[in-house]
Structures are given as C-alpha cells and as structure tokens.
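Peer 1:
Residue numbers (the working numbering), protein chains in the order written: chain A, 1 to 246; chain B, 247 to 304.
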C-alpha cells in the first residue's frame with residue numbers, strides 16, 4: 001500500500017502540477033515579473049523611503065537592478081526566461097505531489113473510499129485550510145510588499161492551517177453540537193488572534209495589480225488542489241485495481 | 247463519476263498506519279521544501295511558485 005501511495009502521489013502531482021504550471025506561466029508569473037520592475041525602482045530610491053519603525057521590513061529578494069555597494073552577487077538564482085520557468089514548474093509539481101500526499105494521508109487515515117467525488121471534497125477542504133483561511137490573514141503578496149518578519153508569518157500560517165483543517169474535520173465528521181461549536185471556534189481562533197502585519201505599507205506596486213494578483217494566486221491554488229484531487233481520485237482506484245490483480 | 251468502491255477495509259491497521267505515515271512524510275517534506283525552507287538557493291528556485299500559490303515569502 002505504501003508503493004501505491006508513492007505511485008499515486010507522484011503521478012497525480014506530476015499531471016496536476018504540469019497543468020497548473022502552464023496556468024501560472026500565463027497568470028501569476030507575468031504579474032510577479034511586473035512587480036519586480038517596481039521593486040527594482042523602489043530599491044534605487046530606498047534610502048529616501050526608509051521610514052520603518054522596526055516592524056516593517058522590505059526585503060529585496062532579487063537585489064536592486066543597479067549595483068549596491070557591498071551587496072553579495074554570488075547568490076544563485078535561476079536565470080530569467082526558460083530556466084526560471086522550468087524551476088517554477090518543477091517546484092509547482094513538487095508542491096502538487098505534496099498536496100497529493102496530504103490528501104491520501106487524510107483519506108486513508110479517515111478510512112474513506114477514495115474516488116473522484118470524495119477526493120474532490122477533500123481537495124476543496126485542503127484549499128480552504130491551506131489556501132483560503134491563511135490568505136484571509138496574510139494576503140497573497142507580490143515582491144516588494146512590506147510584511148512582518150517571515151518566521152512570525154510562517155508560524156501564523158502553520159497554526160491557521162492546522163486549526164482550520166482540524167476544525168473542518170470535526171465539523172464535517174461529528175454530530176455532537178458541542179463539537180461542531182468547538183470546530184467553529186477553532187476555525188475562527190487564528191483570525192481573532194490576528195496575523196502579523198507590518199506597521200506601514202511600503203509597496204510601490206499599484207493597488208490594482210496587487211489586488212488582481214491576490215485573487216489570481218488564490219484561484220491558481222484552488223486549481224492546483226482540485227486538479228491534484230481529481231487525479232488522485234482517478235489514479236487511486238486504477239492503482240488499487242492493478243494491486244488487486246497482481 | 248466513478249463512485250465504485252475500491253477501498254478494501256480488510257487492510258490491516260499496520261498497513262494503514264504505514265500508508266498514512268508515508269503519505270504524510272511526502273506531503274510535509276515536499277510542502278516544507280517548496281514553501282518554507284529558508285535556504286537562499288531553495289528560496290530563489292521556488293520564488294515564483296511561493297508567490298503564485300500564496301505561501302508566505304521573503
């Protein structure tokens with residue numbers, strides 16, 4: 001059964017990841033590249049805009065377009081163009097394989113029948129837990145946006161994902177009213193506590209572009225979850241039939 | 247849609263535990279690497295996907 005888990009995760013992730021990588025190439029990536037031009041422009045003017053009060057940080061992941069004295073340029077990154085597209089696609093495929101693993105872990109642990117319908121329901125819940133709920137606190141960001149310290153955001157993200165996933169499971173799988181109530185409280189809790197935010201906005205990317213990116217990236221994550229879940233729902237029964245014959 | 251049951255409930259508990267563990271390891275390890283690993287090289291390679299899928303980046 002471990003072999004089946006590996007086979008189905010890898011195949012489902014590969015197929016769904018390829019489809020969504022193509023979608024990313026024409027949706028989110030062009031906006032990221034556009035934002036980087038604003039980020040580079042901001043970097044050149046950075047000294048005059050250094051008005052943070054300690055919480056806000058601008059981290060220029062790609063370095064300024066011009067040479068900054070003392071900046072280390074030895075850092076590796078994929079070259080713009082084909083290499084960058086290939087890396088982005090490979091990472092998207094790896095993420096899809098990871099999503100497929102999580103879906104299978106949940107469904108096998110719950111003892112569910114794994115078919116297209118049930119896998120899509122789990123996939124939708126996966127998107128709510130790993131995509132929608134954390135994005136309500138930490139909106140999808142373009143490069144150049146000001147944000148709180150990365151570790152704090154990652155911690156809040158993780159806590160929100162665990163709380164939302166557990167909350168959804170309790171709400172959907174148990175009949176007791178007090179458990180359903182506890183599930184709702186659990187789902188709301190991270191948002192009551194609140195996500196870490198920067199003290200002041202710093203991005204020079206137009207709000208329209210950032211807003212478009214936020215909705216696009218959530219749509220793309222939803223597509224990745226649903227495509228992965230659909231592939232899992234198709235491939236698991238196929239792999240099980242093969243295992244039964246063997 | 248294909249709703250034919252193919253899950254075999256006769257699987258032993260230890261088989262299921264192993265399968266769930268394997269699936270969890272794949273899921274957590276890959277999502278950690280693509281979405282969260284702090285290594286600069288991994289970050290740079292994964293950059294557009296992290297932004298594109300709304301993971302906390304930078």
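Each residue gets a CB set at the ideal place from its N, CA and C atoms; glycine is no exception.
Since the model is a prediction, treat every value here as computed from it, not as a measurement.
1. In whole angstroms, give me the CA-to-CA distance for residue 213(A) and residue 266(B).
2. Using a Cβ-Cβ distance cut-off of 8 angstroms, determine whether residue 266(B) contacts chain A.
3. Beta-carbon within less than 8 angstroms of residue 230(A)'s beta-carbon, same chain only, minus the 5 sequence neighbours each way: which residues are those?
4. Thinking residue 97(A) and residue 10(A) are a contact (beta carbons under 8 angstroms), I'd like their distance in whole angstroms, please.
5. DSSP three-state label for residue 147(A), please.
6. Quick one: what's got a C-beta closer than 7 angstroms to residue 27(A)'s C-beta in the same chain, skipping five residues either side?
7. Classify residue 79(A) as buried or exposed, calling it buried when 16 or more other Cβ atoms lie within 10 Å of its own Cβ.
8. Along chain A, in chain order, which residues have C-beta atoms closer than 7 angstroms to that of residue 292(B)?
9. Three or more beta-carbon pairs under 8 angstroms between the segment 234-246 of chain A and the segment 35-43 of chain A, yes or no?
10. Determine the DSSP secondary structure at residue 157(A), reduced to helix, strand or coil.
11. Could you check the C-alpha separation between residue 211(A) and residue 205(A) for me, to the nearest Å?
12. Which two residues bound the contiguous alpha helix (DSSP H) that contains residue 289(B)?
13. What's the call for residue 129(A), buried or exposed, on a 16-neighbour Cβ count within 10 Å?
14. Could you confirm whether any beta carbon from chain B is found closer than 8 angstroms to the beta carbon of residue 43(A)?
15. How would you write the range of the alpha helix (DSSP H) that residue 230(A) sits in, first residue to last?
16. Give the straight-line distance between the Cα atoms of residue 268(B) and residue 280(B), rounded to the nearest whole angstrom.
17. List, in order along the chain, the chain B residues whose C-beta lies closer than 7 angstroms to that of residue 105(A)?
18. Determine the contact status of residue 183(A) and residue 170(A), defining contact as a CB-CB distance below 8 angstroms.
19. Would you say residue 300(B) reaches chain A, if we count a Cβ-Cβ gap shorter than 8 angstroms as a contact?
20. Does DSSP classify residue 191(A) as helix, strand or coil?
21. Looking at the unbroken alpha helix (DSSP H) that takes in residue 118(A), where does it start and where does it end?
22. At least one CB of chain B closer than 8 angstroms to the CB of residue 173(A): is that the case?
23. Comparing the C-beta of residue 154(A) with each C-beta of chain B, is any distance below 8 angstroms?
24. Identify the continuous alpha helix (DSSP H) that holds residue 134(A) and give its terminal residues.
25. Quick check: what's the CA-CA separation for residue 272(B) versus residue 288(B)?
26. Check the Cβ of residue 131(A) against every Cβ in chain B and list those closer than 9 angstroms, keeping chain order.
27. Label residue 296(B) either buried or exposed according to how many other C-beta atoms from any shown protein chain fall within 10 Å of its C-beta, with 16 as the threshold for buried.
28. How should residue 301(B) be labelled, buried or exposed, when 16 other C-beta atoms within 10 angstroms of its C-beta is the threshold for buried?
29. Our contact map puts residue 292(B) next to residue 192(A) with C-beta atoms below 8 angstroms; I'd like the distance itself, whole angstroms only.
Peer 2: Well, looking at it:
1. Within the first chain, the letter at position 213 stands for residue 213(A). Within the second chain, the letter at position 20 stands for residue 266(B). Their Cα atoms are separated by approximately 35 angstroms.
2. Residue mapping note: residue 266(B) aligns to position 20 of the second chain, counting from 1. It does: the Cβ of residue 266(B) has a partner Cβ on chain A nearer than 8 angstroms.
3. Stepping through the first chain from its first residue, residue 230(A) is reached at position 230. Same-chain partners within the cutoff: 16, 116, 119, 120, 123.
4. Along the first chain, read from residue 1 onward, the residue named residue 97(A) stands at position 97. Along the first chain, read from residue 1 onward, the residue named residue 10(A) stands at position 10. With 8 angstroms as the limit, residue 97(A) and residue 10(A) qualify as a contact, their Cβ atoms being about 6 angstroms apart.
5. By 1-based counting over the first chain, the position of residue 147(A) is 147. Reduced to three states, the DSSP call for residue 147(A) is strand.
6. Position 27 of the first chain, counted from the start, is the residue given in the question as residue 27(A). Taken in chain order, the residues that qualify are 216, 220.
7. Within the first chain, numbered from 1, the residue matching residue 79(A) stands at position 79. Residue 79(A) is exposed by the Cβ-count criterion.
8. Your numbering for residue 292(B) matches position 46 in the second chain. Residues of chain A passing the Cβ test: 91.
9. no
10. For the purposes of this step, residue 157(A) is taken as residue 157 along the first chain, with counting starting at 1. If DSSP states are grouped into helix, strand and coil, residue 157(A) belongs with the helices.
11. Walking along the first chain from the start, residue 211(A) turns up at place 211. Walking along the first chain from the start, residue 205(A) turns up at place 205. The alpha-carbon atoms of residue 211(A) and residue 205(A) are separated by roughly 10 angstroms.
12. To locate residue 289(B), count along the second chain from 1; it is residue 43. Element bounds for residue 289(B): 286-298.
13. Working through the first chain from its first residue, we reach residue 129(A) at position 129. So residue 129(A) ends up on the buried side.
14. To locate residue 43(A), count along the first chain from 1; it is residue 43. Answer no: the Cβ-Cβ gap between residue 43(A) and chain B never drops below 8 angstroms.
15. As a first step, residue 230(A) must be located in the first chain, where it is residue number 230. Residue 230(A) -> alpha helix (DSSP H) spans 207-245.
16. To locate residue 268(B), count along the second chain from 1; it is residue 22. To locate residue 280(B), count along the second chain from 1; it is residue 34. Distance between the alpha carbons of residue 268(B) and residue 280(B) is about 18 angstroms.
17. Indexing the first chain from 1 puts residue 105(A) at position 105. What residue 105(A) touches in chain B: 266, 269, 270, 273.
18. On the first chain, position 183 is the one that residue 183(A) refers to. On the first chain, position 170 is the one that residue 170(A) refers to. It is a contact, given that the beta carbons lie within the stated cut-off.
19. The residue labelled residue 300(B) in the question sits at position 54 within the second chain. Answer yes: the Cβ-Cβ gap between residue 300(B) and chain A drops below 8 angstroms somewhere.
20. Looking up residue 191(A) in the first chain gives position 191. Helix at residue 191(A).
21. On the first chain, position 118 is the one that residue 118(A) refers to. First-last of the alpha helix (DSSP H) with residue 118(A): 116-127.
22. In the first chain, the residue the question calls residue 173(A) occupies position 173. Residue 173(A) does not count as touching chain B.
23. Here residue 154(A) refers to the residue found at position 154 when the first chain is read from its first residue. Yes - at least one Cβ of chain B is within 8 angstroms of the one on residue 154(A).
24. Walking along the first chain from the start, residue 134(A) turns up at place 134. From DSSP, the alpha helix (DSSP H) with residue 134(A) extends over 133-137.
25. As a working note, residue 272(B) is residue 26 in the second chain. As a working note, residue 288(B) is residue 42 in the second chain. Taking the straight line from one Cα to the other gives about 18 angstroms.
26. Taking the first residue of the first chain as position 1, residue 131(A) is located at position 131. Result: 299, 300.
27. The residue given as residue 296(B) occupies position 50 in the second chain. Classification of residue 296(B): buried, given that the 10 Å Cβ count is 16 or more.
28. Counting from one through the second chain, the residue named residue 301(B) turns up at place 55. Buried, because 16 or more other Cβ atoms sit within 10 Å of the Cβ of residue 301(B).
29. Here residue 292(B) corresponds to residue number 46 of the second chain, with the count starting at 1. Here residue 192(A) corresponds to residue number 192 of the first chain, with the count starting at 1. Actually they do not touch by this definition, with Cβ atoms about 31 angstroms apart.
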